[in-house]
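**Q** Note that the protein sequences, when read in sequence, are chains A and B.
For reference, each letter of the first sequence is one residue, going 237 to 348 in my numbering.
For reference, each letter of the second sequence is one residue, going 362 to 471 in my numbering.
Note that CB positions come from ideal geometry on N, CA and C, so glycine has one too.
Since the model is a prediction, treat every value here as computed from it, not as a measurement.
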Amino acid sequence: DVKVTQSSRYLVKRTGEKVFLECVQDMDHENMFWYRQDPGLGLRLIYFSYDVKMKEKGDIPEGYSVSREKKERFSLILESASTNQTSMYLCASSLSRPLEAFFGQGTRLTVV
Amino acid sequence: RKEVEQDPGPFNVPEGATVAFNCTYSNSASQSFFWYRQDCRKEPKLLMSVYSSGNEDGRFTAQLNRASQYISLLIRDSKLSDSATYLCVVNEGSSYKLIFGSGTRLLVRP
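Dropping the structure here:
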């Protein structure tokens, strides 16, 4: 079974803090994704990566950056956390063919 | 226009009913199509891929209509455990980027 593991289930951070969300997959997948999910807005893509050190912006990259130094690990960084970044963050990984994505359990981030 | 659109529902059906969801997508170059299921406060899980010829997995049937740019999911003999949100997923053109619909909520009542 594919396993995608996110470092935290729940996280509370203060406004202005730098926040790191970590994601690790164990299936040698090329692609990794970070989404956020908010009520009424569905899943929105923040960033994705199709190879080590490669990244592409998704639909809502502002206020975020990512790092992929190793194939199995994809990190999401909130440079200076703000209250509007309170959300559920979901990491996923996939092969290039087929493109079926497998998700981690999610990190519920609250910024106070 | 949203890239992937779904009726949010909820669809409220009795056990044993047949229910169908549609999803439309805007990019005619899209090549990969999926249905995911998401339970409350859980991560999305792959339900099934959708192939051009249509495909079936037990009580679930998925269809793709490229001409009209929509995909459908049919659930027969609904169970209480089918209550969830069903997410339509399409890749963006020829890229690896996956676009999710906002989901259709299904409630199956006894």
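By the 7 Å beta-carbon criterion, what residues does the region 381-405 of chain B contribute toward chain A?
**A** 393, 395, 404, 405
**Q** Classify residue 241(A) as helix, strand or coil using the three-state DSSP reduction.
**A** Taking the first residue of the first sequence as position 1, residue 241(A) is located at position 5. Strand at residue 241(A).
**Q** What are the residues in the region 251-268 of chain A lying within 7 Å of chain B by C-beta distance?
**A** 267
**Q** State the beta-bridge partners of residue 519(B) as determined by DSSP.
**A** Here chain B covers residues 362 to 471 and nothing more, so residue 519(B) does not appear.
**Q** Give a yes or no on whether the minimum CB-CB distance between residue 452(B) and chain A is below 8 Å.
**A** Here residue 452(B) refers to the residue found at position 91 of the second sequence. Output row for residue 452(B): interface = yes.
**Q** Less than 8 Å between CB atoms is the rule here; does residue 339(A) satisfy it with respect to chain B?
**A** Counted from its first residue, the first sequence places residue 339(A) at position 103. It does: the Cβ of residue 339(A) has a partner Cβ on chain B nearer than 8 Å.
**Q** Under a three-way DSSP split, which group does residue 443(B) fall into?
**A** In the second sequence, the residue the question calls residue 443(B) occupies position 82. Residue 443(B): helix per DSSP, three-state reduction.
**Q** Restricting to Cα atoms, I'd like to know which of 326(A), 331(A), 339(A), 337(A) is closest to residue 246(A).
**A** Taking the first sequence and counting its residues from 1, the one referred to as residue 246(A) is at position 10. The residue with the shortest Cα to Cα distance from residue 246(A) is 326(A).
**Q** With 8 Å set as the bound, which would you pick, yes or no: does the beta-carbon of residue 326(A) sit closer than that to a beta-carbon of chain B?
**A** Your numbering for residue 326(A) matches position 90 in the first sequence. At least one chain B Cβ lies under 8 Å of residue 326(A).
**Q** Examine the Cβ distances between the region 312-322 of chain A and the region 396-413 of chain B and report whether three or more of them are shorter than 8 Å.
**A** no
**Q** With distances taken between CB atoms, is the gap from residue 461(B) to residue 312(A) smaller than 8 Å?
**A** Position 100 of the second sequence, counted from the first residue, corresponds to residue 461(B). Position 76 of the first sequence, counted from the first residue, corresponds to residue 312(A). Cβ distance not < 8 Å, so residue 461(B) and residue 312(A) don't count as in contact.
**Q** Scan the region 415-441 of chain B for residues whose Cβ lies nearer than 7 Å to a Cβ of chain A and list them as they occur along the chain.
**A** none
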